[in-house]
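This report refers to the structure that appears directly beneath it.
Protein chains: 2
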Amino acid sequence: MPKRIDRLVRREAILEAAVRVFARKGFAGSRIEDVATEANIAKGTVYLYFDSREELLSAAFEGYAARSAAVLSDLGAGPPLERLTWLVRSVVETLAAHPDHARVLLDVWSSARSRTDAASPLDMAQVYRHYRETVAGLLRQAGAEGDLRPGVDDRHAAVIVGAIEGCLLQWLVDPALPLAGLADTIAEMCVEGVRA
Amino acid sequence: MPKRIDRLVRREAILEAAVRVFARKGFAGSRIEDVATEANIAKGTVYLYFDSREELLSAAFEGYAARSAAVLSDLGAGPPLERLTWLVRSVVETLAAHPDHARVLLDVWSSARSRTDAASPLDMAQVYRHYRETVAGLLRQAGAEGDLRPGVDDRHAAVIVGAIEGCLLQWLVDPALPLAGLADTIAEMCVEGVRA
DNA sequence: TCATTATGACTGACCGGTCAGTCATAATGA
DNA sequence: TCATTATGACTGACCGGTCAGTCATAATGA
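Top to bottom, those sequences are chains A and B.
Residue 135 in the numbering used here sits at position 135 of the first sequence, with consecutive numbering throughout.
Going from the second sequence to the numbering used here is simple: count from 1 and add 1000.
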């Protein structure tokens, strides 16, 4: 069924155009017309593939959430603290490799608030909860093997996730700060901060 | 001159109302009318004290920036790593103590992008640069006293600032995560992550 | 003292521009 | 031919910002 595939391909092209526009002007400053122009189509065509402007943002977020989940589920084997190092580096490098998607996070963060419908798919809280649980799991394993200093608990998982997201934030606000160059330092500090 | 004082008091009252409204609905979702209602005045009155909707956001940011700068300049004495601990805790506790102001940061972060006039006072990049320089200064002092493990450099300052801001971000996105309860853990991880 | 006049803070109706979403029509291609 | 897809002119709700007019209070002066 070439029709259906074609439709998905086109939808994806529009979505990517939207992400570029949102990254450049922010969601609040982006017009449907801008997205259409970026995708070389007419404004009305956008509505053949997406119901509303909001849905474009949701779809962009879903793409990000899917990639996040993929990174988290791809932990490999080895000692827990090595896997933690790998996890932190992968997340940072993935963010740095997709700057436009990362920029859209700025809008997703704020949109959580104004959202009224509870069933919103823009659930950043859920994404971070998943991050923290994954890191906490690794920490518990490391603790069981005696690799951690005493007193390390689940709160440290929040701080590790925070170190990543906080560097992302600084980079988004000030592109002069090179996020990719921080990957090793973040991983190192997170691990040394809990190691026995 | 009671007139002038009265004017400033009233301006401040409107600004605080604006911060509450922005925190609740986000800047993009806040109407001037909402701010006026929150302040128990008419819409037109808002314009007697602020030139535009944007200026309300700028003024809110300036208040935040001023408080930030105050915290950073109040480092006290003692061993550098102790001062670092104190700095991290102060920043986190200050953020946690002013949740409405913190929430407005969500909008300030995104507004950096859509901003066209370069002379914008919403310079979050500048604020973070100041944070990083202050932390880097403490790290250099600690290094000179031999308190750091080898290889610690200015990038570690970015990660420390990141740990704070990243926890703030998780809290803003998911109020179930208690920021105040993380203050000690953040401070501890940041210091243990660089200590010799 | 108290009527008259001046002030300026405040109000809210109004205007003009913007933009999300619609729909009649055209183009496409099977 | 005719079903599917694309177009872009159009609509109307919305909202930032304005401004003519009001009114409480202060100043004046008889």
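Note that the Cβ used here is the ideal one computed from N, Cα and C, for glycine as well.
Tell me whether residue i is buried or exposed, calling it buried when 16 or more other Cβ atoms sit within 10 Å of its Cβ.
i: valine 9(A); result: exposed
i: serine 52(A); result: exposed
i: alanine 42(A); result: exposed
i: proline 1178(B); result: exposed
i: alanine 18(A); result: buried
i: proline 79(A); result: exposed
i: alanine 1144(B); result: exposed
i: threonine 85(A); result: buried
i: arginine 155(A); result: buried
i: arginine 7(A); result: exposed
i: glutamate 1033(B); result: exposed
i: arginine 1103(B); result: buried
i: alanine 196(A); result: exposed
i: glutamate 1062(B); result: exposed
i: glycine 26(A); result: buried
i: arginine 149(A); result: exposed
i: alanine 77(A); result: exposed
i: aspartate 1147(B); result: buried
How long is the line joining the alpha carbons of residue i and residue j, rounded to whole angstroms?
i: alanine 70(A); j: leucine 1057(B); result: 37 Å
i: lysine 1141(B); j: aspartate 153(A); result: Just to set this straight, residue 1141(B) is glutamine in the shown sequence, not lysine. Their Cα atoms are separated by approximately 30 Å.
i: glutamine 126(A); j: alanine 136(A); result: 15 Å
i: threonine 1134(B); j: aspartate 74(A); result: 37 Å
i: proline 180(A); j: valine 92(A); result: The sequence shown places alanine at residue 180(A), not proline. About 7 Å.
i: isoleucine 186(A); j: alanine 96(A); result: 13 Å
i: serine 1090(B); j: alanine 176(A); result: 27 Å
i: glutamate 16(A); j: alanine 66(A); result: 15 Å
i: phenylalanine 1022(B); j: alanine 1158(B); result: 28 Å
i: tyrosine 47(A); j: glutamate 1012(B); result: 44 Å
i: threonine 1045(B); j: alanine 28(A); result: 26 Å
i: alanine 183(A); j: glycine 1151(B); result: 15 Å
i: glutamate 54(A); j: serine 68(A); result: 21 Å
i: alanine 119(A); j: alanine 112(A); result: Annotation note: pLDDT 46 at alanine 119(A) (below 50); position unreliable, coordinate value reported separately. Going from the Cα of alanine 119(A) to the Cα of alanine 112(A) covers about 11 Å.
i: valine 1173(B); j: methionine 124(A); result: 7 Å
I need the boundaries of the alpha helix (DSSP H) containing residue i, first residue and last residue.
i: proline 61(A); result: According to the sequence provided, residue 61(A) is phenylalanine. The question's proline does not apply to it. Start and end: 53-72.
i: alanine 183(A); result: 183-192
i: glutamate 1093(B); result: 1080-1097
i: glycine 1029(B); result: Per DSSP, glycine 1029(B) belongs to no alpha helix (DSSP H) and is neither H nor E.
i: glutamate 1165(B); result: 1154-1173
i: glycine 197(A); result: No statement about residue 197(A) is possible, as the shown extent of chain A runs from 1 to 196 and does not include it.
i: glycine 1044(B); result: 1043-1049
Below 8 Å on the Cβ atoms is my contact criterion, and I expect residue i with residue j to pass it. Report the Cβ-Cβ distance as a whole number of Å.
i: leucine 1106(B); j: serine 110(A); result: 4 Å
i: glycine 1162(B); j: glycine 166(A); result: 3 Å
i: cysteine 190(A); j: valine 88(A); result: 6 Å
i: tyrosine 64(A); j: isoleucine 14(A); result: Tyrosine 64(A) to isoleucine 14(A), Cβ: 17 Å. No contact.
i: leucine 138(A); j: arginine 83(A); result: 6 Å
Problem - Selection of the segment 46-79 of chain A by Cβ proximity to chain B, strictly under 8 Å - result: Listed in sequence order: no entries.
Handout entry: Where the segment 1139-1159 of chain B meets chain A: residues whose CB sits under 7 Å from a CB there
Key = If the cut-off is 7 Å between Cβ atoms, the segment 1139-1159 of chain B has Arg1155, His1156, Ala1158, Val1159 near chain A.
Exercise for the section: Taking only beta carbons into account, state which residues of the segment 1095-1108 of chain B come closer than 8 Å to chain A, listed in chain order. Expected result: Arg1103, Leu1106, Asp1107
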